[in-house]
Amino acid sequence: MKTKAFPYPAVKYDDAALEKLARRLRCDTLCMIHQASSGHPGGSLSSVEILSTLYYQYLRHDPANPERTDRDRFVLSKGHACPILYAILAEQGYFPEEELCHLRRVGGLLQGHPSLHIPGIDASTGSLGQGLSLANGVALAAKLDGSDLHTWCLLGDGELQEGQVWEAAMTSAHYKLDNVTAIVDRNGLQIDGKTEKVMALEPLAEKWLSFGFHVIECDGHSFSDLRRAYDEALATKGKPSCIIANTHKGHGVSFMTDQAGWHGKSPSVEQLQAAVTEICGDKKIESSCMKTVLGEVKGGGR
Amino acid sequence: MALNSTVKEMRLLSLTDAANRENWQACKVTYGAALLKLATERPEVVALDADLANSTQSSRIRDAKDESISRRFFDVGISEQDLVGTGAGLALAGKIPYVNSFGVFLSGRAWGQIRVSVCYPNLPVRFGGSYGGITVGPDGPTHFAISDIAILRSLPNMTLVSATDGAQVPKIIEATVDYPGPVYIRMGRVPLPVVTTAETPFETGRAYVYRKGGGELVLYTTGHSVYDTLEAAEILATEDGIDPWVVNVNTIKPLDVDTIATVAKQVKRGCVVEEHNIYGGLGGAVAEALAGSHPLPLGFIGIEDEFCESGEPMELLREYKLDAPGIVERVRGYLSK
Ligand SMILES: Cc1ncc(C[n+]2csc(CCOP(=O)(O)OP(=O)(O)O)c2C)c(N)n1
Ligand SMILES: [Mg+2]
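Sequences listed follow chains A and B, in order.
Start counting the first sequence at 19; every next residue gets the next number (the numbering used here).
Start counting the second sequence at 1136; every next residue gets the next number (the numbering used here).
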């Protein structure tokens, strides 16, 4: 039986379109976190290109049918970066963009960390270290069912300090889960500082390699390099792949870039305005979330 | 037994002073300061964290100017199981480790290590269980500690103390440092009303009567709910003429059955108020204690077996009816049954 085509990935999202979209998603993310007065900007901004490449150019999914069983799955193991994921899901129509303005609020749809009851979210996460096991479980089920769906899992680099990640890594390799791709957002920072200072991870590529993964390193802010990595991961058979995406925490906003202090802090009005100005440059970027939040800011609403 | 019965005897702040936001305190601030003081006085005290040193304020040890103190801080990265195990190892070698993380991760991610590496050998590991309850706020359900009391008090050898407010934390640290076996200190995250003073008594293993009442009702409570329960008791006294007793079960394990039962004998009914699931928490503990010898009809006021949702801490207390008006409403509901 021929399966129905998925609206995503969509060819119209070439690099120029993605580049513009990424700016908008960065703005949405910061507006949401400002509006919520709490949240995690640093690790959201480092994942913008990783996630937009995935959600617009790779993941087979259908916002009109979030529960389609033949869809690819995505597990945001570093659940605190959910603002960027929520921004993408809203843009693709999983839920009204209006919800972005109620992030982390009583009565709102969008919880502080991903929850399965939110349309488009494939796993409940936020307690670090649990996501790769979930991805493995989905991938094992897909193999049982003869489905060709692919599971993607995004992990933080600090998150790799959780033992469960390595327990899961053994499972991925043991069951030859070539339908699992782990992506590591290698921004070099966690809450208490540099990963190499808090609890060293290097040599990281060698670790994944020795755990039985096909390891690919890439520039996590370059669409073309991410595509090279994703293509290579999908083409690899007989073993799982791990993409180490080299990124900068807070990328796109100079005063947040590579600053551990911006891990879990909400920008003030002035900081939000400065960030948006820098992200947009000479481009005209618009979204309903930006309109609401920045409109309120201008009107002195908050 | 003689009951310490009045607000005066307990040297509590007046509820007006407690409500004054200028007096509010966050447990982590007083915890960090108390830990630093302790580490200064006691060379065997060490501190551990799992990438949350600023949030738990174990950073006070890490950032101590005196190198003989700062060298006693260990960050193990984001690995709670390893955190607890390493703490246990330090205790095996004669140290008094203060192991820090959010309550939900300590109790939830490292329960197996707490059980076998710490409680079974009865090691003097101290847990700084910050971020208790739902007043954790916007981080939401994944970060709420609403099952911690249930799963920790079921561990043999565990001592479970619940900080009433920020002001009480240094007292608890001082009183428990040499207490035998493992001690878990449950604390809230945000600045909240302070009801205790430096003169308010605290002894590990004791419950205290914070409000003496009439023959109708007792409210057993713990932690940050003590303030809201005292407020609720005043409302019930003035508006409903009920005049409840309020007992602060400051230590949840070992439970002060004596005090709990003595008050139970004075009244017709009781309610247990806690920022925790209604199953397995203080409510369960009180019911277990009374069922055998002093059965008392009890109502359970807590989280109604749900994961809740993200929100600002005060909003959440209102939403889940754990602020004073909410408690009053739920007590009335129980009494009208
Ligand atoms: C089990 C668990 N422990 C601790 C935390 C608190 N926490 C949230 S984010 C974070 C740091 C994450 O660092 P990293 O994985 O590098 O993420 P990124 O830099 O991409 O934000 C920590 C410790 C948590 N969410 N879950
Ligand atoms: Mg990181």
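Note that beta-carbon positions come from the ideal geometry of N, C-alpha and C, so glycine has one too.
Just so we're clear, the structure is a prediction, and the values are computed from it rather than from any experiment.
Exercise. Any beta-carbon of chain A closer than 8 Å to the one on D1186(B)?
Worked result: For D1186(B), at least one C-beta of chain A is nearer than 8 Å to its own C-beta.
Problem set entry | Any chain B beta carbon closer than 8 Å to G319(A) | Only weak support exists for where G319(A) lies, its pLDDT of 48 falling under 50; the value from the coordinates is given anyway. Chain B contact via Cβ: absent.
Exercise. Is M19(A) close to chain B, meaning its C-beta is less than 8 Å from at least one C-beta of that chain?
Worked result: Annotation note: pLDDT 46 at M19(A) (below 50); position unreliable, coordinate value reported separately. It does not; no Cβ of chain B falls within 8 Å.
For this session: Please state if the CB of G149(A) and the CB of S95(A) are separated by a distance shorter than 8 Å.
Result: In contact: S95(A) and G149(A) (Cβ atoms closer than 8 Å).
Exercise. Is there at least one non-hydrogen atom of ligand 2 closer than 7 Å to the beta-carbon of D203(A)?
Worked result: Yes, ligand 2 has a heavy atom inside 7 Å of this Cβ.
For this session: Please state whether DSSP places S1297(B) in a helix, a strand or coil.
Result: For S1297(B), the secondary structure class from DSSP, reduced to helix, strand or coil, is strand.
Problem set entry | Cβ shell of D1458(B) (< 6 Å), same chain only, five flanking positions each side left out | Excluding sequence neighbours, D1458(B) sits near D1363, L1452.
Exercise. Under 8 Å between the Cβ atoms of G138(A) and P221(A)?
Worked result: Contact annotation: G138(A) and P221(A) have beta-carbon atoms that are not nearer than 8 Å.
For this session: Measure the Cβ-Cβ separation of H79(A) and R89(A) and say whether it is below 8 Å.
Result: Less than 8 Å divides the Cβ of H79(A) from the Cβ of R89(A).
Problem set entry | heavy atom of ligand 2 below 7 Å from G174(A) C-beta | Distance from the C-beta of G174(A) to the nearest heavy atom of ligand 2 is below 7 Å.
For this session: From the DSSP output, read off the bridge partner residues of Y1266(B).
Result: None, per the DSSP bridge assignment.
Problem set entry | Inter-stretch contact at 8 Å, needing at least 3 Cβ pairs: the region 1382-1394 of chain B / the region 1437-1453 of chain B | Touching, no, given that fewer than three Cβ pairs across the two stretches are closer than 8 Å.
For this session: Return the first residue and the last residue of the beta strand (DSSP E) that P1232(B) is part of.
Result: For P1232(B), the uninterrupted beta strand (DSSP E) segment begins and ends at 1231-1237.
Exercise. Using a C-beta cutoff of 8 Å, does S62(A) count as contacting chain B?
Worked result: No - not a single Cβ of chain B is within 8 Å of the one on S62(A).
Exercise. Which whole-angstrom value describes the C-beta separation of H168(A) and N197(A), a residue pair presumed to lie in contact below a C-beta threshold of 8 Å?
Worked result: 5 Å between Cβ atoms; contact.
For this session: Measure the C-alpha to C-alpha separation of T1356(B) and G1434(B) and round it to an integer number of angstroms.
Result: Going by the C-alpha atoms only, they are around 12 Å apart.
Exercise. Checking contacts by CB at 8 Å: is L134(A) closer than that to chain B?
Worked result: The beta carbon of L134(A) does not come within 8 Å of any beta carbon belonging to chain B, so the residue lies off that interface.
Exercise. What number of angstroms, rounded off, separates the C-alpha of V1353(B) from the C-alpha of T1394(B)?
Worked result: Going from the Cα of V1353(B) to the Cα of T1394(B) covers about 12 Å.
Exercise. Would you report the Cα separation of A247(A) and L227(A), rounded to the nearest angstrom?
Worked result: Approximately 16 Å between the Cα atoms of the pair.
For this session: Report the neighbours of E177(A) on chain B: residues whose CB is nearer than 9 Å to its CB, in chain order.
Result: Around E177(A), the beta-carbon contacts reaching into chain B at under 9 Å are I1213.
Exercise. L207(A): beta carbon under 7 Å from a heavy atom of ligand 2?
Worked result: L207(A): yes, Cβ under 7 Å from ligand 2.
Exercise. In angstroms, rounded to a whole number, what distance separates the CA positions of V315(A) and C45(A)?
Worked result: The alpha-carbon of V315(A) is positioned some 14 Å away from that of C45(A).
Problem set entry | contact_flag[the region 1159-1173 of chain B, the region 1324-1335 of chain B] where n(CB pairs < 8 Å) is 3 or more | The region 1159-1173 of chain B makes contact with the region 1324-1335 of chain B: 3 or more CB pairs, one atom from each, lie closer than 8 Å.
For this session: Have a look at T1397(B) and A1372(B) and give me their C-alpha separation to the nearest angstrom.
Result: Near 21 Å, if we compare the C-alpha coordinates of A1372(B) and T1397(B).
For this session: Please list the partners that N1235(B) has in chain A, where partner means a Cβ-to-Cβ separation under 8 Å.
Result: Near N1235(B) there are no residues of chain A at all, since even the closest Cβ is about 12 Å away, more than 8 Å.
Exercise. For R123(A) and chain B, any beta-carbon pair shorter than 8 Å?
Worked result: When Cβ-Cβ separations below 8 Å define contact, R123(A) makes contact with chain B.
For this session: Run through the region 206-242 of chain A for me and flag every whole beta strand (DSSP E) of 3 or more residues, listed as ranges in chain order.
Result: Taken in chain order, the complete beta strand (DSSP E) segments of 3 or more residues contained in the region 206-242 of chain A are 232-237.
Problem set entry | Proximity to K215(A) [Cα-Cα], best of I1213(B), Q1192(B), I1377(B), V1361(B) | Closest by C-alpha distance to K215(A), out of I1213(B), Q1192(B), I1377(B), V1361(B), is I1213(B).
Exercise. Is the number of C-beta pairs between the region 106-119 of chain A and the region 151-166 of chain A that are closer than 8 Å three or more?
Worked result: These segments do not touch.
Problem set entry | Given S1190(B) as reference, the closest of Y1455(B), V1239(B), Y1266(B), L1148(B) once Cα atoms are compared | Nearest C-alpha to S1190(B): Y1266(B).
Problem set entry | Length of the line joining the Cα atoms of E288(A) and C49(A) | Those two C-alpha atoms are separated by around 12 Å.
Problem set entry | One or two residues paired with V259(A) in a DSSP bridge | What sits at residue 259(A) in the sequence shown is Ser, not Val. The beta-bridge partner set that DSSP reports for S259(A) consists of T199(A), H232(A).
Problem set entry | 4-residue-minimum alpha helix (DSSP H) runs that sit fully inside the region 1194-1250 of chain B, ordered along the chain | With a minimum length of 4 residues, the unbroken runs of alpha helix (DSSP H) contained wholly in the region 1194-1250 of chain B fall at 1194-1197, 1202-1205, 1215-1227, 1238-1244.
Exercise. Of all the beta strand (DSSP E) runs that stay within the bounds of the region 1299-1346 of chain B, which reach a length of 3 or more residues?
Worked result: List check, beta strand (DSSP E) in window: 1318-1321, 1343-1346.
Problem set entry | 8 Å CB neighbourhood of L1138(B) in its chain, flanking five on each side removed | Here the model assigns L1138(B) a pLDDT of 44, short of 50, so the residue's position is not dependable and the matter cannot be decided.
Exercise. Below 8 Å between beta carbons: does that hold for K302(A) and L207(A)?
Worked result: In this structure, L207(A) does not lie closer than 8 Å to K302(A) by Cβ.
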